[in-house]
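The sequence shown begins at 1 in the UniProt record's numbering and counts up one residue at a time. Below you'll find the structure, written out as structure tokens, and then a few comments.
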Amino acid sequence: MRPLAALVILLTYSPRLLFMKKYFFFFTFICLCGSVMAQQLITAQPDSLELALKKSKNYKERAKALADLSDFWIYTDSSKSMNYALQVMAQYRQHNDKQGIGIGHYYIAGVYMENGNSKMAETEFRKAVNILTKDTSYLSQHYLARVWHNLGVLLQREGDAYGYLNILLNKAVPILESIKDTITLARNYNDIGAAFQNTQQFDKSLSWYKKAIKTLQHFPKYEDLALAYLGAARALLFKEDFSEQPSRQIKAYLDQAAGVLKPNPKAYPWIDYYTNEGLYYLHIAKRPDLAIRSYDQGILLAQEKHQEYPQLELLNRKYYLYYKQGDYKKARTTAYQLYKLASKYPISKNRLIILKNLVDAEEKNGNNARAFQLLKQYTALADSLKVEETNIRLNELEKKYEQQTKEKKILQLQADNSLKSAELDYNRTLLLSISGLLISVIILSVLVYLLHRNKQKLREKQKEMQQEQLFFDALNQGQEQERKRLAGDLHDGLGGLLSNIKLLISKETDCDESNSSWDKQNKLILQKLDNAMNELRRIARNLMPETLLRFGLATALRDYCEDLEKSGVKISLQTYGIGTQHDKNELIMIYRIMQELISNAIKHADAETILVQCIQNDEKIFITIEDDGKGFDKEIMSTSPGLGLSTVRNRVAYLKGSLDIQSKKDVGTTINIEFNAQQTT
Numbered sequence: 001m002r003p004l005a006a007l008v009i010l011l012t013y014s015p016r017l018l019f020m021k022k023y024f025f026f027f028t029f030i031c032l033c034g035s036v037m038a039q040q041l042i043t044a045q046p047d048s049l050e051l052a053l054k055k056s057k058n059y060k061e062r063a064k065a066l067a068d069l070s071d072f073w074i075y076t077d078s079s080k081s082m083n084y085a086l087q088v089m090a091q092y093r094q095h096n097d098k099q100g101i102g103i104g105h106y107y108i109a110g111v112y113m114e115n116g117n118s119k120m121a122e123t124e125f126r127k128a129v130n131i132l133t134k135d136t137s138y139l140s141q142h143y144l145a146r147v148w149h150n151l152g153v154l155l156q157r158e159g160d161a162y163g164y165l166n167i168l169l170n171k172a173v174p175i176l177e178s179i180k181d182t183i184t185l186a187r188n189y190n191d192i193g194a195a196f197q198n199t200q201q202f203d204k205s206l207s208w209y210k211k212a213i214k215t216l217q218h219f220p221k222y223e224d225l226a227l228a229y230l231g232a233a234r235a236l237l238f239k240e241d242f243s244e245q246p247s248r249q250i251k252a253y254l255d256q257a258a259g260v261l262k263p264n265p266k267a268y269p270w271i272d273y274y275t276n277e278g279l280y281y282l283h284i285a286k287r288p289d290l291a292i293r294s295y296d297q298g299i300l301l302a303q304e305k306h307q308e309y310p311q312l313e314l315l316n317r318k319y320y321l322y323y324k325q326g327d328y329k330k331a332r333t334t335a336y337q338l339y340k341l342a343s344k345y346p347i348s349k350n351r352l353i354i355l356k357n358l359v360d361a362e363e364k365n366g367n368n369a370r371a372f373q374l375l376k377q378y379t380a381l382a383d384s385l386k387v388e389e390t391n392i393r394l395n396e397l398e399k400k401y402e403q404q405t406k407e408k409k410i411l412q413l414q415a416d417n418s419l420k421s422a423e424l425d426y427n428r429t430l431l432l433s434i435s436g437l438l439i440s441v442i443i444l445s446v447l448v449y450l451l452h453r454n455k456q457k458l459r460e461k462q463k464e465m466q467q468e469q470l471f472f473d474a475l476n477q478g479q480e481q482e483r484k485r486l487a488g489d490l491h492d493g494l495g496g497l498l499s500n501i502k503l504l505i506s507k508e509t510d511c512d513e514s515n516s517s518w519d520k521q522n523k524l525i526l527q528k529l530d531n532a533m534n535e536l537r538r539i540a541r542n543l544m545p546e547t548l549l550r551f552g553l554a555t556a557l558r559d560y561c562e563d564l565e566k567s568g569v570k571i572s573l574q575t576y577g578i579g580t581q582h583d584k585n586e587l588i589m590i591y592r593i594m595q596e597l598i599s600n601a602i603k604h605a606d607a608e609t610i611l612v613q614c615i616q617n618d619e620k621i622f623i624t625i626e627d628d629g630k631g632f633d634k635e636i637m638s639t640s641p642g643l644g645l646s647t648v649r650n651r652v653a654y655l656k657g658s659l660d661i662q663s664k665k666d667v668g669t670t671i672n673i674e675f676n677a678q679q680t681t
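The structure is reproduced here in structure tokens:
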């Protein structure tokens, strides 16, 4: 939604006119700007959606339920909506479902879109297009049309109404018509109708709304049908033809919309319904009292849903209705309510109009002193706006004058130069020929020299990189060999010694079972020896996990995380696509990186829950460590060696990867690593 633009248009109509066509733009901004293509039943509630999630029998049903929950929360709780969208993507990635991954990009993009992050939304939508275009199945084409619709919405939010309408008519609608996707097609018809209302083409707008109504007649439980009825009523209202037949049709559309919305009295389209109903009562039924009642119902529902822009429109209508009726006290009260709500948005023209309303209201109520104070504010603001507009016009005139002066000078210089150029042509041609030959020789010589020097530098650089690589490999192998030797010494040497001590104490216990105090002491010693041996085995296993070399990275990570969970930390491990044909050094490097990051989350972040992901997609490996710990500042991240991040950075650099750390104090830390896999042949 573009609220500021909508707000300017909202307040710029004259109270002398019943229906200025400019006024309708506020409606269409609400209908068009920022509406993610999502389909929901009027009766949809979170409990029923959660129940569907629990009853899901396979990953596709689970992903569908998660997607419905993401859609449900998208306008009221973006955090929940994004969480469900990410779970949709995780379900499809775990099963390498390419179609599902495209759908996952669509839902993630939708949340970004409703949070105002247009750049990330477009990136995710484009990823979805690349995947879904290749699949001609019904489901893929259905979501492809929805993706194109929302890409059009992004253009419309940037002010490109033509681009928005072009995408709907030439991208989304043809796809939906070809696959006969009735509900989504009708939703696009609604949006096309609203787009034509934006350009005051009310007959075209009405025809598209009628197409939507006809398409949705057999689907009365979808709120899109109510929106189609309301859009048609709105188009007729803005035509300002209040003769008998159009008036009856407007009332019929409103009644039909109410019938669709009746199962859910709190559905968002009721706000639009109350607005249109108020217009009907005021200008057709000639019942201003009922119009006020409808406006108040709309304001109350908008307040419950924390929607301020519909409140502004409804308050503005109430003010002019009271003022026209001569009820200046209520007009004054409403004007101050409007002023308070609109003052959150620093738009000078809006303030000017509202101040004028307040001046009129105070004057009509006999508060001349207050009216004079407000009039001074109004005059000062009007003068500042006039000065600003005058300055803009003067600057434009000055620019035009400067441009004309420059053009005249250029023409004069061109005329002078044309006379001189004839005299210099012969000499210039000769000089250029000689100079060109000389320059060519010089350039060729320089190029040969630079090419030779660059090749030499490249060879030296490659040699240095090879030496660094060999040094790092040797250092890494030495460290791992030393870890292996220490693990063996601990396990075979100290471990054997502890086992021997335990055996001797056990025999002593068998020989003197009558001494109960000695037996208790002995059992305590045996218990502590068991703990020491278990700790010894854990240390030896972490120094050189045999599981890593025998069974691969996924198994080693699972064993490591299960071992850490015994300390009370909840660790969610997700691995997917990790191949077995990895270079041994790379395998150890990845394991050490994840071991260090998980250890940091436990020791330094005091995390209670840790999400660990290691996913391989073709030649790319993605690592994510996310915790709910206490987080840290950017300065601590760069200055504190205790976090072990320098070691992690060195290992990531060795793998030629990228490292991204996002941390917020008392919220948690997310670390993402990406690099290319080095597989053995």
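Backbone N, C-alpha and C fix where the C-beta goes; we use that ideal spot for every residue, glycine too.
Compute the beta-carbon to beta-carbon distance between residue i and residue j, rounded to the nearest angstrom, for a pair I have assumed lies under 8 Å.
i	j	result
N205	R157	Looking at the sequence shown, residue 205 is not Asn but Ser. Contact doesn't hold; Cβ gap of about 20 Å is too wide.
N92	G110	Residue identity check: residue 92 is Tyr in the sequence provided, not Asn. Between G110 and Y92 the Cβ distance is about 16 Å, and since that is not below 8 Å, they are no contact.
I179	Y138	5 Å
Y654	M589	7 Å
I213	A228	5 Å
L49	D68	5 Å
Might you give, ordered along the chain, the residues of its own chain that have their beta carbon closer than 7 Å to the beta carbon of residue i, omitting 5 neighbours on each side?
i	result
K98	I131
K318	I292, Y295 and T334
T647	E596
K127	H105
G657	I673, E674 and F675
A226	A257, V260, L261 and P269
Spatial neighbours of residue i within its chain, please: CB distance less than 8 Å, with the 5 preceding and 5 following residues excluded, ordered by chain position.
i	result
L230	Y253, L254, A257, P269, D272, Y273 and N276
T28	Residue confidence for T28 is low, a pLDDT of 35 falling below 50, so the modelled location carries little weight; the figure read from the coordinates is stated next. Excluding positions up to five away in sequence, the list reads A194, A195, Q197 and N198.
L169	I192
L17	Model confidence at L17 stands at a pLDDT of 33, short of 50, so the residue's coordinates are unreliable and nothing is read from them.
Rounded to the nearest angstrom, what separates residue i and residue j at their Cα positions?
i	j	result
L155	A195	13 Å
I30	M113	Any reading at I30 is ruled out, since the residue's pLDDT is 35, under 50, leaving its predicted position unreliable.
Q462	Y84	47 Å
L450	Q456	10 Å
S599	T669	13 Å
L438	N454	24 Å
D327	Q201	35 Å
A564	H149	Looking at the sequence provided, one finds Leu at residue 564 rather than Ala. Going by the C-alpha atoms only, they are around 47 Å apart.
K420	Q404	25 Å
F372	K324	22 Å
A331	A235	28 Å
A121	G159	17 Å
M89	E460	46 Å
V667	G568	20 Å
Would you mind working out which of the options sits nearest residue i, comparing C-alpha positions?
i	options	result
K286	D203, S247, Y309 and Y112	S247
K630	R649, I602 and D618	I602
A605	D633, F372 and A90	D633
K665	P174, R649 and A607	A607
E586	V652, L611 and S56	V652
E124	Y339, N357, I101 and K239	I101
K344	E244, Y378 and E308	E308
K171	S445, I571, L144 and Y162	L144
W208	H452, H218, L165 and Q245	L165
Can you list, in chain order, the residues of its chain whose CB lies under 6 Å from that of residue i, leaving out five sequence neighbours each side?
i	result
residue 682	Because the chain is modelled from 1 through 681, residue 682 falls outside the range shown and cannot be assessed.
A302	I271, P310 and Q311
residue 684	Here the chain covers residues 1 to 681 and nothing more, so residue 684 does not appear.
H95	Y59
R187	D224
L548	A556 and Y591
L290	Y281
K528	none
L66	Y84, Q87 and V88
According to DSSP, what are the bridge partners of residue i?
i	result
K570	T609
I623	C614 and I673
T575	C614
K664	G668
S658	E674
Y59	Y59 pairs with nothing; no bridge assigned.
Is residue i a contact residue of the ligand HEM, with contact defined as CB to any heavy atom under 7 Å?
i	result
S178	For the ligand HEM, the structure offers nothing, since it holds no ligand at all.
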